[in-house]
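Novice:
In this note's numbering, the protein residues as written are 1085 to 1163.
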């Protein structure tokens, strides 16, 4: 008797919370503002990480310096 009542309560709680979160996501107006193109393909590396407004590639550093963007933490240890 106790386990049946507890399971029924858990199912009811799961049903109400999932529908509430989905409903909030559908009504969120900030999601509709994500229609601007910020990153396009880079001329130097070809990755889709060239920021149009900044004029800098996040992957290779094109537009910021003539040197390639490279850091020691990008390499695996021992290489």
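Yeah, the Cβ is synthetic: ideal placement off N, Cα and C, and Gly gets one too.
Could you check the C-alpha separation between residue 1144 and residue 1151 for me, to the nearest Å?
Specialist: Start at 1 with the first residue of the chain shown, and residue 1144 comes out as number 60. Start at 1 with the first residue of the chain shown, and residue 1151 comes out as number 67. Each residue's Cα considered, the two are about 8 angstroms apart.
Novice: Which one or two residues does DSSP pair with residue 1124 in a beta bridge?
Specialist: Walking along the chain shown from the start, residue 1124 turns up at place 40. Residue pairing from DSSP places residue 1124 in a beta bridge opposite 1134.
Novice: Our contact map puts residue 1132 next to residue 1124 with C-beta atoms below 8 angstroms; I'd like the distance itself, whole angstroms only.
Specialist: Start at 1 with the first residue of the chain shown, and residue 1132 comes out as number 48. Start at 1 with the first residue of the chain shown, and residue 1124 comes out as number 40. With a Cβ gap of about 7 angstroms, residue 1132 and residue 1124 count as contacting.
Novice: Measure the beta-carbon distance from residue 1146 to residue 1134 and round it to whole angstroms, keeping in mind my assumption that it falls under 8 angstroms.
Specialist: Locating residue 1146 in the chain shown gives position 62, counting from the first residue. Locating residue 1134 in the chain shown gives position 50, counting from the first residue. Sure, about 7 angstroms apart at Cβ, within 8 angstroms.
Novice: Below 6 angstroms CB to CB, which residues in the same chain sit around residue 1148 once its five sequence neighbours on both sides are set aside?
Specialist: Residue numbering aside, residue 1148 sits at position 64 when the chain shown is read from its first letter. Result list for residue 1148: 1140, in chain order.
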